[in-house]
Amino acid sequence: MIKIKMMPVGLLGANCYLVYNSDTCEAVVIDPGSEYGRIKRQLDVDGMKVKAVLLTHGHFDHCNAARDFRRDGAKVYIHEADKLLLETDYNMSSLTNEPFRSFDPDVLVTDGTVIRECGMTFKVIYTPGHTVGSVCYILDNNIFTGDTLFCMGVGRTDLPTGNVRALEDSLKNVLFALEGDYNVFPGHGEPTSLEFERRHNPYV
Ligand SMILES: [Zn+2]
Ligand SMILES: [Zn+2]
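Sequential numbering of the sequence shown, starting at 1, is according to the numbering used here.
Here it is as structure tokens:
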């Protein structure tokens, strides 16, 4: 059985998601932005072993603990275009006192990449706009949207590589064009649903 735990971490309260396959006691961690120790303790308490880290984009508040999980043996995934953020101050860590903990991603994904980890299948959809390499990950009827889509909001586009037209296109023609409804797990704030956002999101 698949189980999703949400854990806001760091100064900006970015949502880290622990995705468990309780049959195998293996986990995928989405956007470990900070607080490695706290996330790891939760995984240990739950008896889960991390096999992979999926990053929605390269901002520090979503990836600054990736290096620690990689050291523990997890494979780190990110879109190829956001590798640039990992290599420059475009990751925005200069906004805080927390230094950027650089790492080499193991797998560079693109639109349509299928990720099989821990007996779960994640599909990558490319949704640039907040950053040039922002992606969402689909797992069954769940979407992890990072800073592309929030409950009643969208990600900012004024940071390096942000692009308001690209974001609009990603929302209208990619995310909202998916058929049916999905649970939406955003990079900040409360979970929502795709249908609710189609109807009520004031930015789209
Ligand atoms: Zn961001
Ligand atoms: Zn963020």
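We put the beta carbon where it would ideally sit given N, CA and C, even for glycine.
Item: Spatial distance of L171 from M48 (CA atoms); Value: 34 Å
Item: Bridge partner(s) assigned by DSSP for K5; Value: L18
Item: Of the residues H188, F185 and E197, the one placed nearest A177, counting alpha carbons only; Value: E197
Item: Chain-ordered list of residues that sit, by beta carbon, closer than 7 Å to a heavy atom of ligand 2; Value: L12, A14, H59, D61, H62, D147, G187 and H188
Item: Contact belief for V53 with Y17 at Cβ below 8 Å, rounded distance in angstroms; Value: 11 Å between Cβ atoms; not a contact.
Item: Assumed close pair T127, T157 - CB separation to whole angstroms, cut-off 8 Å; Value: Their Cβ separation, rounded to whole angstroms, is 12 Å, which puts T127 and T157 out of contact at 8 Å.
Item: For D104, the nearest candidate out of A65, S93, L139 and T96 (CA to CA); Value: A65
Item: Residue burial classification, T110 (beta-carbon count within 10 angstroms, cutoff 16); Value: exposed
Item: Nearest-angstrom Cα separation, counted from L175 out to K151; Value: One point to set straight first is that residue 151 is Cys, not Lys, in the sequence displayed. The straight-line gap from Cα to Cα measures roughly 14 Å.
Item: Continuous alpha helix (DSSP H) assignments of at least 4 residues falling wholly in the segment 99–173; Value: 164–169
Item: contact_flag[the segment 134–142, the segment 96–103] where n(CB pairs < 8 Å) is 3 or more; Value: no
Item: Beta-ladder partner(s) of V76, from DSSP; Value: V53
Item: Check: G155 C-beta below 7 Å from any heavy atom of ligand 1; Value: yes
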